[in-house]
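Read in order, the letters of the sequence shown correspond to residues 0 to 138 in numbering that gives the first Met the number 0.
We put the beta carbon where it would ideally sit given N, CA and C, even for glycine.
Nothing here was measured: the structure is a model prediction, and the numbers come from that model.
For reference, the structure is listed below as structure tokens.
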Amino acid sequence: MEKKIGLGKSILTTFCGCPDIPDTAEEFERILREACTISGCRVRKIDSFVSDEFPPPEGYTTSGVTCAAILEESHAVTDSWPEYDALTFDIFTCGEKADPMKAVEFLKKALQPRKILYVKGETCEEPSVMERTAIVYSD
């Protein structure tokens, strides 16, 4: 029997129907830092970007924010589409100490989405092999 080595945990999440998506880079950095910290990750660097190439849709202050955190354990990234009340969150953690699902649960409480779509998995001996499950949450 081939022994599997857990290299890390991966969760890619889409939050749909969020009534109050943050619309500034500073708000995104704060919420991403908190989500990562709650999951047991140590944030080493965080940065964000607001595109000036695309004008904000009518009634919005930005056309979306991208925010990335470099973690001691790996990385986390968010992207937003305020005009669609949607946000994606991608987190990958190495080792066994961090629990990226805690970050997803924190964001669920903070964003109050109508629906969450996520795919999660753990890497095996070959990083290209992932055991994945798609789960849908909806109130």
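Non-local beta-carbon contacts of residue 54 in its own chain, meaning distances under 7 Å to residues more than five positions away in sequence, involve 62 in chain order. For the options 58, 116, 52, 32, the alpha carbon positioned closest to that of residue 66 is the one of 32. About 5 Å separates the beta carbon of residue 37 from that of residue 105, a gap short enough to meet the 8 Å contact definition. Under the three-state reduction of DSSP, residue 23 is assigned to coil, being neither helix nor strand.
Sequence-distant Cβ neighbours of residue 60 in its own chain, meaning closer than 6 Å and more than five residues away, are 22. A straight line joining the alpha-carbon of residue 119 with that of residue 10 spans about 4 Å. Boundaries of the beta strand (DSSP E) harbouring residue 8: 7-15, taken from the DSSP string. The secondary-structure analysis by DSSP pairs residue 86 across a beta bridge with 14, 79. Annotation for residue 29: no residue places its beta carbon closer than 7 Å to its own, counting only its chain and skipping 5 residues before and after.
Under DSSP, the beta-bridge partners assigned to residue 73 are 92.
A distance below 7 Å between beta-carbons, with the five flanking residues on each side excluded, links residue 35 to the following residues of its chain, in chain order: 42, 68, 70, 75, 102. Taking all protein chains shown into account, residue 81 has 16 or more neighbouring C-beta atoms within 10 Å of its C-beta and is therefore buried. For the set 18, 51, 12, 8, the Cα lying nearest the Cα of residue 110 is the one of 18. DSSP places residue 48 in the uninterrupted beta strand (DSSP E) bounded by 42-49.
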